[in-house]
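I have placed the structure first, in the form of structure tokens, so that the comments after it can refer back to it.
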Amino acid sequence: MSATTIDRPVAEKTPLTFGGVVRGEWVKLRSVRSSGLTVLGAALMMLVTGLVFASTVGSDSDGADGVTDPTGITLSGVMFAQLVTGVLGVLVVSNEYATGMIRSTLTAVPSRLPVLLGKVAVVVGTLFPTMLAVSFTVFLAGQAVMGGAKLPTAAVGDPGVLAALVGSAATMTGVAVIGVALGALLRSTAGAISTLVVLVFLLPGLGGLLLPASWRDDALKYLPSSASEAFTSVVPAPGLLGPSAGAAVFAAWVVVPLLLAAVLLRRRDA
């Protein structure tokens with residue numbers, strides 16, 4: 001009897017899809033305890049700050065006459081929560097460089113760009129719905145507090161309120177994406193967080209002190225914090241960009257660092 005040879009197809013290595021990359025990044029994010037604590041910290045920062053401001057706003061001599069933007073009062077925590085979400089964005093990238101895991105990640109995904117986009121997708125998918133829910137919660141709770149104190153209140157259906165709530169969630173998420181970009185650009189937790197703090201929080205004050213008065217206002221309104229205020233405020237401060245222009249400028253602050261990070265990620269060694 002002659003032996004029969006059975007040809008078996010050689011198993012080909014299946015390329016990792018973008019969906020697989022996103023699932024992998026999601027596993028990384030939720031498996032690190034500090035990630036969940038950071039998201040919780042941002043939510044608590046929003047809630048506590050908004051309710052404290054809502055509880056104390058009518059206690060000064062102006063009373064109810066001093067309340068011109070009830071929505072802005074309850075969303076006062078956005079500027080603080082941005083710092084927390086930005087730190088989360090940085091850590092999503094810089095932690096992998098610190099531990100050396102980035103080499104395994106980039107070996108599994110040689111094209112590299114899906115890794116960065118996967119991190120952004122996971123950060124946006126986690127933060128935006130969370131912070132949107134928190135924005136609505138603190139707004140409704142804060143309006144109830146101010147209404148109980150006989151102070152002016154706002155409703156979701158009032159002009160500009162819904163845009164402010166959605167814009168606030170988008171701003172906090174956008175700062176987190178800037179954090180992702182800075183983490184990929186600098187590959188250092190301390191350096192990326194320091195740069196984020198300067199860019200988003202310190203630069204407006206420094207610009208006000210150092211820039212010549214002749215073009216100070218024109219320059220400062222293009223900073224990320226001022227641009228975001230233009231489309232997240234029901235009663236915006238004088239001298240800001242319009243809502244559409246502010247949104248476009250803020251989007252540029254998010255997209256440009258991300259593009260630079262994508263270029264350097266493909267060109268540099270891990």
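Just so we're aligned: the sequence shown equals residues 1 to 270 in UniProt numbering. The beta carbon of each residue, even a glycine, is placed where N, CA and C say it ideally should be.
Length of the line joining the Cα atoms of G183 and T189: The residue given as residue 183 occupies position 183 in the sequence shown. The residue given as residue 189 occupies position 189 in the sequence shown. Rounded to the nearest angstrom, the two C-alpha atoms are 7 Å apart.
P212 (DSSP reduced to helix, strand or coil): Here residue 212 refers to the residue found at position 212 when the sequence shown is read from its first residue. The answer is coil: DSSP assigns P212 none of H, G, I, E or B.
Distance, L210 Cα to I73 Cα: Residue numbering aside, residue 73 sits at position 73 when the sequence shown is read from its first letter. Residue numbering aside, residue 210 sits at position 210 when the sequence shown is read from its first letter. Their Cα atoms are separated by approximately 29 Å.
Continuous alpha helix (DSSP H) assignments of at least 4 residues falling wholly in the stretch 183 to 254: 189 to 197, 203 to 210, 216 to 220 and 224 to 232
Distance between G157 and G89 (C-alpha atoms, nearest Å): Locating residue 89 in the sequence shown gives position 89, counting from the first residue. Locating residue 157 in the sequence shown gives position 157, counting from the first residue. Roughly 32 Å between the two C-alpha positions.
From S104, P129 and A43, residue whose alpha carbon lies closest to that of A81: In the sequence shown, the residue the question calls residue 81 occupies position 81. Ranking the options by Cα distance to A81, first place goes to A43.
Residue from S225, T195, T107 and L206 with nearest C-alpha to L240: Taking the sequence shown and counting its residues from 1, one reaches residue 240 at position 240. Answer by Cα proximity: S225.
First and last residue of the uninterrupted alpha helix (DSSP H) at K28: Indexing the sequence shown from 1 puts residue 28 at position 28. F18 to S31 is the span of the alpha helix (DSSP H), which, as asked, contains K28.
Short CB-CB distance (under 8 Å) between M172 and chain B: As a matter of chain content, chain B is missing from the structure shown, which is built from one protein chain.
Helix, strand or coil at L117 [DSSP, three-state]: Numbered from its first residue, the sequence shown carries residue 117 at position 117. Residue state for L117 is assigned as helix, using DSSP reduced to three classes.
Endpoints, the alpha helix (DSSP H) within which S104 is located: In the sequence shown, counting from the first residue as 1, residue 104 sits at position 104. First-last of the alpha helix (DSSP H) with S104: M101 to A108.
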